[in-house]
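**Student:** To start, I am sharing the structure in question, which I have written as structure tokens.
So this is what it looks like as structure tokens:
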């Protein structure tokens with residue numbers, strides 16, 4: 009098998025029936041390593057400086073269905089956060105009211121103590 013790479017070593021062409029030009033330009037490789045299966049990644053074939061093949065793993069683009077699922081998950085998470093914020097806002101308002109009430113009681117106590 010002949011592998012032809014770009015300037016970074018990334019394999020751009022792999023053929024078992026190379027032309028003479030491809031044979032001269034490329035590197036002959038007997039076997040390729042088996043790529044690992046990594047979720048959300050895809051294997052990109054490279055040749056190292058010794059012309060040994062290896063894979064680098066890059067983020068794979070999401071399918072339309074996966075994109076929709078991810079959007080639904082984020083939307084639900086966002087809704088939960090909004091509800092959580094609303095709950096916190098209610099607690100803050102309650103605490104502010106309690107603080108105002110206690111401040112008034114302190115003022116009354118101080119006024120009564122000065123009489």
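Numbering (the numbering used here), first residue to last: 9 to 123.
We put the beta carbon where it would ideally sit given N, CA and C, even for glycine.
1. Among 77, 40, 78, which one has its Cα closest to the Cα of residue 60?
2. Quick one: Cα of residue 35 to Cα of residue 26, how far?
3. Identify which residue in 94, 47, 33, 52 has its Cα closest to the Cα of residue 18.
4. What do you reckon, are the CB atoms on residue 54 and residue 65 nearer than 7 Å?
5. What are the boundary residues of the alpha helix (DSSP H) that includes residue 89?
6. Looking at the strands, I want to know which residues DSSP matches up with residue 21.
7. Decide if residue 11 is buried, meaning its Cβ has at least 16 other Cβ atoms within 10 Å, or exposed.
8. With a threshold of 16 other CB atoms inside 10 Å of the CB of residue 13, please say whether the residue is buried or exposed.
**Tutor:** The structure says:
1. Answer by Cα proximity: 40.
2. Roughly 11 Å between the two C-alpha positions.
3. 52
4. no
5. 72-121
6. 12
7. Residue 11 should be labelled buried.
8. buried
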